[in-house]
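The structure under discussion appears below in the form of structure tokens.
If you want it as structure tokens, here you go:
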């Protein structure tokens with residue numbers, strides 16, 4: 001039996017202090033049933049699928065709306081920035097007003113904004129609708145993990161978190177395959193608009209099931225609003241993520257550099273305001289005491305190489321498959337299917353593996369497996385470039401999928417393990433914000449490195465350089481996991 005803390009404590013729910021236990025419980029939330037979990041996971045998949053499905057439709061959008069490359073980047077950047085900036089607020093609103101209510105509001109708003117995207121008469125309308133869609137996603141997404149955290153425990157929670165982690169990888173593949181299929185089918189002449197309209201029947205199903213199957217939960221004491229914290233967090237994330245997602249396509253204009261410089265002081269001001277509010281007994285948007293918990297710090301540290309590596313891998317892979325190996329959009333999505341299947345299987349198995357090995361060792365194991373997958377992909381591409389059939393990539397992609405599938409559930413389990421149910425919304429918002437920020441930074445850094453190296457080294461050389469940097473991040477992840485395992489003895 002491992003000495004890792006996670007292995008000895010399969011139920012990560014912390015013991016709340018005596019004052020919290022003595023507080024009255026007006027109504028304990030009902031247990032989350034399988035169909036309720038399926039409904040929540042369906043809601044969680046919507047924003048992630050939509051993030052990737054639009055990429056496949058870019059050529060059609062560009063020709064139909066006469067959109068510039070910078071405007072197309074804003075279609076992605078507007079969604080990503082609004083999504084990340086309001087995740088913590090969405091989690092806190094769920095703590096206060098009820099997580100099922102905010103989940104349903106978010107799902108409904110996501111459906112309405114999807115319709116607005118599909119009916120966009122011009123690119124400016126589409127950008128605005130995508131910003132609103134990102135905000136709707138931020139209302140919906142944190143309620144999923146917060147509800148799981150508040151209505152399950154022990155092995156049931158571990159299994160639910162494992163399934164939640166699998167949604168990310170499957171959504172990436174499903175988004176690219178679905179986008180390619182819808183654009184190619186051109187249903188009733190709808191073209192790219194179908195990638196947004198397809199959300200509507202899914203939204204109707206999620207609303208109908210959510211009303212009946214998702215249990216409600218909330219914090220015992222409703223939190224007061226934190227206007228200053230909300231504004232400062234949104235501004236600091238926008239100042240960081242907007243230039244990182246838009247700056248490269250716009251040629252790094254002065255405003256992008258100015259925003260990056262402003263992100264640091266704005267973030268420091270946010271932390272100062274939150275510390276003062278918590279010290280004075282107020283209700284900060286993101287209580288700084290959460291960052292003082294060891295599990296939260298370990299989770300955030302592990303998340304850096306996980307999400308930077310994942311987003312850059314998906315970005316670079318899309319370019320290599322379509323521009324290097326000359327696959328079509330649908331064929332490129334199908335080529336990634338083995339990775340999605342492997343990631344789903346590994347995510348489902350992750351709770352059992354964690355109980356045997358401990359969370360730290362699972363992170364280290366995932367890094368080794370994924371690093372082996374990256375090496376296998378490089379060897380395969382070097383041997384058969386550029387005439388490789390999609391199946392030749394399957395062994396490397398499967399290994400990468402297994403590594404990623406072990407990482408995501410373990411990240412959430414470690415980060416949320418020490419957070420009490422009363423703060424589930426704030427903790428889930430923090431975990432999701434770190435994820436979205438890491439995804440954006442990964443594309444901006446390693447994605448930009450790849451594009452900068454292609455003219456000098458060619459696509460294979462640039463890919464080798466990016467995979468090398470990615471592997472260094474995996475070494476750091478393995479070291480973090482082993483250090484956590486030793487510390488838990």
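Residue numbers (UniProt numbering): 1 to 489.
We put the beta carbon where it would ideally sit given N, CA and C, even for glycine.
Everything numeric in this text was worked out from a predicted model, so none of it was measured.
- Query: Between the Cα of residue 558 and the Cα atoms of 286, 314, 278 and 481, which residue gives the shortest distance?
  - Reply: The shown model of the chain, from 1 to 489, leaves out residue 558, and the question about it has no answer.
- If you run the structure through DSSP and keep just helix, strand and coil, what is residue 419? In this structure, residue 419 counts as coil in the three-state DSSP scheme.
- Item | Own chain residues within Cβ distance below 7 Å of residue 78, not counting five before or after | 127, 130, 131 and 134
- Item | Local Cβ density within 10 Å of residue 204, reported as buried at 16 or more and exposed below that | exposed
- Message: Less than 8 Å between the beta carbons of residue 218 and residue 97, yes or no?
- Response: yes
- Contact check, residue 485 vs residue 360, beta carbons under 8 Å: The answer is yes: Cβ separation under 8 Å.
- Message: Does the contact criterion of 3 or more C-beta pairs under 8 Å hold for the stretch 191 to 207 versus the stretch 350 to 360?
- Response: no
- Task: Please name the residue in 271, 289, 195 and 433 whose C-alpha comes closest to that of residue 232.
- Result: For the set 271, 289, 195 and 433, the Cα lying nearest the Cα of residue 232 is the one of 271.
- Message: Given a cut-off of 8 Å on the beta-carbon distance, is the pair residue 390 and residue 330 in contact?
- Response: no
- What is the DSSP secondary structure of residue 511, counted as helix, strand or coil? Residue 511 lies beyond the range of the chain shown here (1 to 489); nothing can be said about it.
- Message: Quick check on the DSSP output: the alpha helix (DSSP H) that includes residue 119 runs from which residue to which?
- Response: Neither: residue 119 is in no alpha helix (DSSP H) and is coded neither H nor E.
- Item | Host alpha helix (DSSP H) of residue 215 (start-end) | No alpha helix (DSSP H) holds residue 215; DSSP gives it neither H nor E.
- Query: Out of 120, 153, 377 and 85, which has the shortest C-alpha to C-alpha gap to residue 31?
  - Reply: 153
- Determine the burial state of residue 452: buried for a count of at least 16 other Cβ atoms within 10 Å of its Cβ, exposed for fewer. Its Cβ having fewer than 16 others within 10 Å, residue 452 is exposed.
- Sorted by chain position, which residues of the same chain lie with C-beta nearer than 6 Å to residue 175's C-beta, five sequence neighbours on each side aside? 49, 52 and 53
- Message: Helix, strand or coil, according to DSSP, for residue 286 in the structure here?
- Response: coil
- Item | Alpha carbon of residue 332 to alpha carbon of residue 320, nearest angstrom | Cα to Cα, residue 332 sits roughly 9 Å from residue 320.
- Alpha-carbon to alpha-carbon, residue 382 and residue 572: Residue numbering for the chain in the displayed model covers 1 to 489; residue 572 lies beyond these limits and cannot be assessed.
- Message: I want to know whether the stretch 453 to 471 touches the stretch 109 to 119 - three or more CB-CB distances under 8 Å.
- Response: With a cut-off of 8 Å on Cβ pairs, the stretch 453 to 471 is not in contact with the stretch 109 to 119, counting fewer than three such pairs.
- Taking the alpha-carbon positions, what's the residue 316 to residue 393 distance? Computed Cα separation, rounded: 15 Å.
- Message: Tell me whether the stretch 427 to 445 and the stretch 81 to 95 touch, counting them as touching only if at least three CB pairs, one residue from each stretch, are closer than 8 Å.
- Response: yes
- Query: When the distance is taken between beta carbons, is residue 141 closer than 8 Å to residue 29?
  - Reply: no
- Message: Quick test of the definition: if touching needs 3 or more C-beta pairs under 8 Å, does the stretch 100 to 109 touch the stretch 150 to 164?
- Response: Between the stretch 100 to 109 and the stretch 150 to 164 there are fewer than three inter-stretch CB-CB distances shorter than 8 Å, so the stretches are not counted as touching.
- Task: Note down, in chain order, each residue of its chain lying with its Cβ closer than 8 Å to the Cβ of residue 256, except the 5 sequence neighbours on either side.
- Result: Counting only residues of its own chain and dropping the five nearest sequence neighbours on each side, residue 256 has a CB closer than 8 Å to the CB of 242, 243, 246, 247 and 250.
- Three-state secondary structure (DSSP) of residue 23: Unreliable placement is indicated for residue 23, whose pLDDT of 40 sits below 50; the coordinate value is still reported in the next sentence. Note: residue 23 maps to coil in three-state DSSP.
- Following the continuous alpha helix (DSSP H) through residue 361, name the residue where it begins and the one where it ends. 359 to 384
- Query: Short check: CB of residue 229 to CB of residue 284, under 8 Å?
  - Reply: yes
- Task: Determine the direct distance from the alpha carbon of residue 457 to that of residue 145, and round the result to whole angstroms.
- Result: 43 Å
- Message: Tell me the rounded alpha-carbon separation between residue 467 and residue 443.
- Response: 13 Å
- Same chain only: Cβ atoms within 6 Å of residue 473, ignoring 5 sequence neighbours per side: Closer than 6 Å at Cβ, skipping near neighbours: 305 and 309.
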